[in-house]
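There are 4 protein chains.
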Amino acid sequence: MNDRSPVPDLMPDLVPDLIGDSGRGNEAAILRAALRLYAERGFNGASMRDIARAAGTSLSNLYNYFPSKARLLAELLNRANALLSAQVSSAVHTAGEGVAEQLGAAVRAYVSFVADYQTAMLIALSEVRHLEGEERTQVVAERDRNQEIFEDLVAAGAASGVFTTPYPQDAARSILAMCSTIATWYHPEGRLTKQDLCDQHARYALALLEGRVDGR
Amino acid sequence: MNDRSPVPDLMPDLVPDLIGDSGRGNEAAILRAALRLYAERGFNGASMRDIARAAGTSLSNLYNYFPSKARLLAELLNRANALLSAQVSSAVHTAGEGVAEQLGAAVRAYVSFVADYQTAMLIALSEVRHLEGEERTQVVAERDRNQEIFEDLVAAGAASGVFTTPYPQDAARSILAMCSTIATWYHPEGRLTKQDLCDQHARYALALLEGRVDGR
Amino acid sequence: MNDRSPVPDLMPDLVPDLIGDSGRGNEAAILRAALRLYAERGFNGASMRDIARAAGTSLSNLYNYFPSKARLLAELLNRANALLSAQVSSAVHTAGEGVAEQLGAAVRAYVSFVADYQTAMLIALSEVRHLEGEERTQVVAERDRNQEIFEDLVAAGAASGVFTTPYPQDAARSILAMCSTIATWYHPEGRLTKQDLCDQHARYALALLEGRVDGR
Amino acid sequence: MNDRSPVPDLMPDLVPDLIGDSGRGNEAAILRAALRLYAERGFNGASMRDIARAAGTSLSNLYNYFPSKARLLAELLNRANALLSAQVSSAVHTAGEGVAEQLGAAVRAYVSFVADYQTAMLIALSEVRHLEGEERTQVVAERDRNQEIFEDLVAAGAASGVFTTPYPQDAARSILAMCSTIATWYHPEGRLTKQDLCDQHARYALALLEGRVDGR
DNA sequence: CATGAATGAGGATTCATTCAT
DNA sequence: CATGAATGAATCCTCATTCAT
Chain A
1 MNDRSPVPDL
11 MPDLVPDLIG
21 DSGRGNEAAI
31 LRAALRLYAE
41 RGFNGASMRD
51 IARAAGTSLS
61 NLYNYFPSKA
71 RLLAELLNRA
81 NALLSAQVSS
91 AVHTAGEGVA
101 EQLGAAVRAY
111 VSFVADYQTA
121 MLIALSEVRH
131 LEGEERTQVV
141 AERDRNQEIF
151 EDLVAAGAAS
161 GVFTTPYPQD
171 AARSILAMCS
181 TIATWYHPEG
191 RLTKQDLCDQ
201 HARYALALLE
211 GRVDGR
Chain B
1 MNDRSPVPDL
11 MPDLVPDLIG
21 DSGRGNEAAI
31 LRAALRLYAE
41 RGFNGASMRD
51 IARAAGTSLS
61 NLYNYFPSKA
71 RLLAELLNRA
81 NALLSAQVSS
91 AVHTAGEGVA
101 EQLGAAVRAY
111 VSFVADYQTA
121 MLIALSEVRH
131 LEGEERTQVV
141 AERDRNQEIF
151 EDLVAAGAAS
161 GVFTTPYPQD
171 AARSILAMCS
181 TIATWYHPEG
191 RLTKQDLCDQ
201 HARYALALLE
211 GRVDGR
Chain C
1 MNDRSPVPDL
11 MPDLVPDLIG
21 DSGRGNEAAI
31 LRAALRLYAE
41 RGFNGASMRD
51 IARAAGTSLS
61 NLYNYFPSKA
71 RLLAELLNRA
81 NALLSAQVSS
91 AVHTAGEGVA
101 EQLGAAVRAY
111 VSFVADYQTA
121 MLIALSEVRH
131 LEGEERTQVV
141 AERDRNQEIF
151 EDLVAAGAAS
161 GVFTTPYPQD
171 AARSILAMCS
181 TIATWYHPEG
191 RLTKQDLCDQ
201 HARYALALLE
211 GRVDGR
Chain D
1 MNDRSPVPDL
11 MPDLVPDLIG
21 DSGRGNEAAI
31 LRAALRLYAE
41 RGFNGASMRD
51 IARAAGTSLS
61 NLYNYFPSKA
71 RLLAELLNRA
81 NALLSAQVSS
91 AVHTAGEGVA
101 EQLGAAVRAY
111 VSFVADYQTA
121 MLIALSEVRH
131 LEGEERTQVV
141 AERDRNQEIF
151 EDLVAAGAAS
161 GVFTTPYPQD
171 AARSILAMCS
181 TIATWYHPEG
191 RLTKQDLCDQ
201 HARYALALLE
211 GRVDGR
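Protein chains in written order, with UniProt numbering: chain A, 1 to 216; chain B, 1 to 216; chain C, 1 to 216; chain D, 1 to 216.
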């Protein structure tokens with residue numbers, strides 16, 4: 001197993017923005033402000049006034065872009081989940097044929113996303129509960145879709161004997177838990193680089209699954 | 001390694017209450033109501049009015065017991081953290097001499113706590129940010145004290161060659177992450193018993209650390 | 001006219017306390033705490049809790065001594081007004097026969113009271129408005145009784161030609177105003193001694209009345 | 001000296017409003033309501049709810065105009081102090097060259113202001129204590145600026161021998177006290193007209209200063 | 001006398017949202 | 001698109017007061 005296998009190694013500045021500058025007028029500024037404030041203070045701790053101020057626009061103008069506070073949150077979570085799923089699937093498809101290799105790639109992509117979009121992941125972890133109805137359904141569905149990628153990989157690996165853990169059914173959840181939690185403590189300027197995170201967690205994941213690393 | 005080693009296997013009803021009924025008058029009812037509501041809706045989503053109503057007392061009477069909303073949260077977190085640390089250290093001290101055995105016991109105790117005091121763990125995971133100053137310091141300190149138990153065990157195991165992971169320095173955090181996250185999805189009536197959770201996560205943890213289980 | 005005529009020149013420590021230590025148990029402590037807090041923050045700015053705390057007793061115990069917050073204020077004002085009237089009358093009666101002399105004595109006694117019981121005077125000036133009904137009536141009556149002493153003296157002096165001001169009818173009010181206001185700025189440790197205050201204001205008063213100072 | 005010298009003798013209805021109707025929307029109504037209620041019940045006795053009701057708007061709308069209760073008070077006091085200083089200085093500059101004449105004019109202007117803006121003066125007298133920090137500093141500074149006008153006049157008169165009181169240093173304060181206090185009892189419909197008040201107090205002030213009225 | 005618990009009303013302030021411009 | 005004014009409900013917390021002990 002190659003611990004230093006390449007990660008999507010964009011320069012930090014080149015990480016594509018979750019939000020972009022498409023949208024009309026202030027849309028991007030609003031989304032970015034909301035993202036930051038929701039992450040800093042939680043959904044209920046960040047008021048529409050706060051967001052408007054941080055976005056440099058007026059309170060009432062927010063409602064020209066998003067019909068409600070919850071819709072604003074949903075929008076953020078949808079974008080984040082969509083990008084996450086896309087990056088993970090892409091990584092899996094790009095990886096070689098071996099399940100272990102694919103799972104490693106998936107973990108690396110996931111960790112990479114957490115590091116790149118830390119605030120988005122913070123929100124995704126704890127603010128979904130503030131959504132209801134259709135908005136919630138949609139967000140949860142996308143989140144589950146991503147989890148299924150991991151579950152399928154683990155199941156395939158278990159079936160083919162590559163992963164020998166006696167508990168394959170729940171392992172994916174544990175792997176995602178430890179990868180997601182990175183968002184709560186990671187500091188880009190700290191001891192660990194993004195590359196380190198990817199290497200570590202790829203290894204943790206395969207070890208947890210009791211993968212048969214050697215050539216059998 | 002015996003995966004079905006006994007867990008503190010109290011009947012759910014016999015799990016000692018985090019709060020007890022000591023305290024004066026309505027104190028226990030208030031703490032219990034706050035615990036539940038903070039977990040359900042988050043700190044900012046649960047109002048003092050809500051808590052009072054759920055506790056069956058008047059809003060103003062809350063302030064005869066806790067001088068502020070934040071203090072009420074701090075009280076809960078302190079009790080939870082103290083109990084968690086106590087149960088984990090106790091498990092470690094009771095376990096045999098092997099580091100692997102001790103770590104397994106620690107994980108089981110931790111998972112057991114998460115299952116027993118699910119709501120408390122939910123709060124501990126995400127509501128600390130609403131504390132400031134002394135209250136925050138105290139809670140964070142107790143939380144770190146618990147994490148150190150795991151870090152010390154991992155370090156010891158790595159030093160003695162029992163854990164062969166190339167990344168021992170950050171493994172404890174990952175283990176705790178996957179155990180803590182149980183609180184976000186566990187249903188006592190679901191497919192997995194508390195015993196199952198303990199078995200699984202003890203195994204996951206040792207595997208993640210690449211523990212040399214047998215004498216080989 | 002002797003500007004340095006003696007004032008009731010008690011040592012500051014010997015100024016008889018407005019409250020004394022008679023009363024049962026905590027009564028004096030409560031009155032003293034209320035006096036200070038009402039003066040510092042105003043009637044509405046000082047809560048019964050504050051007063052209890054400052055008096056070193058429990059909130060509910062306050063109501064064993066005074067049936068309401070307003071009654072507590074009334075009690076203070078009554079004591080202050082009674083003492084003030086007593087000291088002023090006494091000074092007048094002790095003074096010689098001349099109206100000018102008597103008015104001078106009255107002013108000195110009044111100023112002396114303001115200096116000695118500064119906080120009480122602060123309250124008397126601005127907190128009467130918070131009383132209603134019987135309580136208010138009583139306090140206002142006592143206050144007016146005191147004012148009448150001055151009005152009578154001025155009227156007598158005007159009738160006898162000692163005070164030549166063309167506006168004797170309203171002069172007493174002006175004199176009392178300037179003397180009372182001392183309470184808002186006087187600092188016992190400042191430039192002016194109590195003796196200075198008495199001398200000054202006695203002179204101001206006679207001058208304002210256009211008293212014929214010379215031997216006629 | 002002409003005791004019946006003309007006062008700015010506008011009909012009461014023509015007295016320029018302290019507040020005006022400039023400001024946006026409800027600003028004037030809010031300020032006027034606050035002015036009245038603060039004067040009637042004191043700062044702490046008048047709630048924002050009361051003020052909103054009296055201003056004919058909603059409670060929350062108050063905060064679109066003034067960010068806090070204290071700021072609302074400060075606004076009132078600043079306007080009142082500014083106008084007072086302006087009217088007094090203007091009167092002094094318009095008066096003749098003699099110090100006595102100028103002081104008379106100042107007193108008349110001051111008394112006139114007290115009569116015209118009675119409620120504002122009531123607040124200025126006793127509610128400054130509820131301000132803190134910058135707000136307080138600003139208000140106190142303006143108040144002191146006005147007091148200095150009087151102190152300078154008295155000092156000048158004392159220096160030139162026009163005022164022969166032995167206590168010129170503190171006389172201004174006494175004069176202002178007796179003039180300000182008018183606000184606490186004056187009734188426009190009562191025995192005394194505004195003109196009367198001006199005449200009386202101008203005479204009181206000069207007498208208090210022991211002014212040498214004639215050429216002797 | 002003395003206390004702690006209890007309460008309903010009300011304190012200042014902020015909330016998400018709407019609407020006329 | 002963009003704004004400022006407006007609002008009713010809700011925020012945390014404190015109020016004066018009562019009551020059982």
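Note that the Cβ used here is the ideal one computed from N, Cα and C, for glycine as well.
Bear in mind the structure is a predicted one, so any value in this text is a computation, not a measurement.
What separation, rounded to the nearest whole angstrom, lies between the Cα atoms of residue 189 of chain A and residue 115 of chain A?
11 Å
For the stretch 27–51 of chain B, list every residue whose C-beta sits within 7 Å of some C-beta in chain A, in sequence order.
42, 44 and 45
Considering residue 150 of chain A, what are the terminal residues of the alpha helix (DSSP H) in which it resides?
133–159
Which of the three DSSP states is assigned to residue 211 of chain C in this structure?
strand
With a threshold of 9 Å between beta-carbons, can residue 170 of chain A be considered close to chain B, or not?
By this cut-off, residue 170 of chain A is an interface position.
Are the beta-carbon atoms of residue 106 of chain A and residue 92 of chain A separated by less than 9 Å?
yes
For residue 217 of chain B, I'd like the list of residues in its chain whose CB is within less than 7 Å of its CB, leaving aside the five on either flank, ordered along the chain.
In this structure chain B extends from 1 to 216, so residue 217 of chain B is not present and cannot be described.
Could you have a look at residue 66 of chain B and say whether DSSP puts it in helix, strand or coil?
coil
Write down the C-beta distance between residue 52 of chain A and residue 59 of chain A rounded to the nearest angstrom, noting that I regard them as a contact closer than 8 Å.
Indeed, because the Cβ distance is near 4 Å, the residues count as touching under 8 Å.
Keeping to the same chain, check which residues put their C-beta closer than 8 Å to that of residue 26 of chain C; ignore five residues upstream and five downstream.
Cβ neighbours of residue 26 of chain C beyond the five flanking positions: 55, 56, 57, 61 and 65.
Is it the case that the stretch 28–37 of chain B contacts the stretch 199–206 of chain A, given that we only count it when at least three CB pairs across the two stretches are under 8 Å?
Contact between the stretch 199–206 of chain A and the stretch 28–37 of chain B is absent: fewer than three C-beta pairs spanning the two stretches fall below 8 Å.
Quick one: what does DSSP say residue 163 of chain B is sitting in, helix, strand or coil?
When secondary structure is reduced to three states using DSSP, residue 163 of chain B falls in the strand class.
Between the beta-carbon of residue 38 of chain B and the beta-carbon of residue 46 of chain B, is there less than 9 Å?
yes
Inspect the beta-carbon positions of residue 183 of chain A and residue 118 of chain A and report whether they are closer than 9 Å.
yes
Quick check: is the beta carbon of residue 204 of chain C nearer than 9 Å to any beta carbon in chain D?
By this cut-off, residue 204 of chain C is an interface position.
Counting only the same chain and skipping the five closest in sequence on each side, list residues whose C-beta sits under 6 Å from that of residue 143 of chain D.
81
Sort D:207, D:195, D:15 and D:180 by Cα distance to residue 110 of chain D and report the nearest one.
Per the Cα distances, D:180.
Between residue 44 of chain A and residue 139 of chain A, which are expected to be in contact by the criterion C-beta below 8 Å, what is the C-beta distance as a whole number of angstroms?
Not quite, the Cβ-Cβ distance comes to about 17 Å (not below 8 Å), so this is no contact.
Is any beta-carbon of chain C found at less than 9 Å from that of residue 180 of chain D?
yes
Please tell me whether residue 167 of chain D has its Cβ less than 9 Å away from any Cβ of chain C.
Interface residue, yes.
Are the C-beta atoms of residue 209 of chain C and some chain D residue less than 9 Å apart?
yes
Report the residue ranges of all alpha helix (DSSP H) runs contained in full by the stretch 67–123 of chain B; include only those spanning at least 4 residues, in chain order.
69–94 and 99–116
Along the stretch 100–128 of chain C, where does the CB come closer than 7 Å to a CB of chain D? Name the residues.
126
Reducing DSSP to helix, strand and coil, say where residue 206 of chain A ends up.
helix
Going along chain D in order, which residues have a C-beta closer than 8 Å to the C-beta of residue 60 of chain C?
Ordered by position in chain D, no residue passes the 8 Å Cβ test against residue 60 of chain C, which lies about 23 Å from the chain.
Under the three-state reduction of DSSP, which class applies to residue 24 of chain A: helix, strand or coil?
coil
Among the residues of its own chain, which have a CB less than 8 Å from the CB of residue 147 of chain B, if the five just before and after it don't count?
172, 173 and 176
Using only CA atoms, which one of D:197, D:122 and D:169 lies nearest to residue 40 of chain D?
Minimum Cα-Cα distance from residue 40 of chain D among the listed residues D:197, D:122 and D:169 corresponds to D:122.
Which of the three DSSP states, helix, strand or coil, is assigned to residue 40 of chain C?
helix
Less than 9 Å between the beta carbons of residue 237 of chain C and residue 126 of chain C, yes or no?
Here chain C comprises residues numbered 1 to 216, so residue 237 of chain C is not present and cannot be evaluated.
What does residue 174 of chain C reach in chain D if we use C-beta pairs closer than 7 Å?
178 and 204
Give a yes or no on whether the minimum CB-CB distance between residue 76 of chain A and chain B is below 9 Å.
Chain B, which has no Cβ nearer than 9 Å to the Cβ of residue 76 of chain A, makes this no.
Hey, does residue 131 of chain A have any beta-carbon neighbour from chain B nearer than 9 Å?
Chain B contact via Cβ: absent.
Would you kindly report the start and end of the unbroken alpha helix (DSSP H) that includes residue 46 of chain B?
Per DSSP, residue 46 of chain B lies in no alpha helix (DSSP H) and is assigned neither H nor E.
Taking Cβ-Cβ distances shorter than 7 Å, what residues in chain C pair up with residue 225 of chain D?
Outside the displayed span of chain D (1 to 216) sits residue 225 of chain D, for which this structure offers no information.
Would you report the Cα separation of residue 124 of chain C and residue 185 of chain D, rounded to the nearest angstrom?
Approximately 15 Å, taken between the alpha carbons.
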